[in-house]
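Quick notes on the structure that follows.
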Amino acid sequence: MVDVAYLRSRYAHTRIISIDAEASLEISGIVSNVTGRTSPIGA
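Quick look at the structure:
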């Protein structure tokens, strides 16, 4: 079984300059990560 967690910015109207999601794959138990750039349906 795989659980899903959504993470969002805690700041409204903030411009996110970059996301380094690759580091999350180093954590034990992380199967995958999806960002707006890697999502098959886009952002």
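Numbering (my numbering), first residue to last: 66 to 108.
Heads up, the beta-carbon is just placed ideally off N, CA and C, and yes, glycines get one too.
If residue i and residue j are in contact, beta carbons under 8 Å, what's the gap, nearest whole angstrom?
| i | j | result |
| --- | --- | --- |
| I95 | S89 | 5 Å |
Quick check: residue i and residue j, are their CB atoms within less than 8 Å of each other?
| i | j | result |
| --- | --- | --- |
| I81 | S74 | yes |
Cutting at 6 Å between CB atoms, please list the residues of its own chain near residue i, excluding the five before and the five after it.
| i | result |
| --- | --- |
| V67 | V96 |
| N98 | A86, S89 |
| I84 | T100 |
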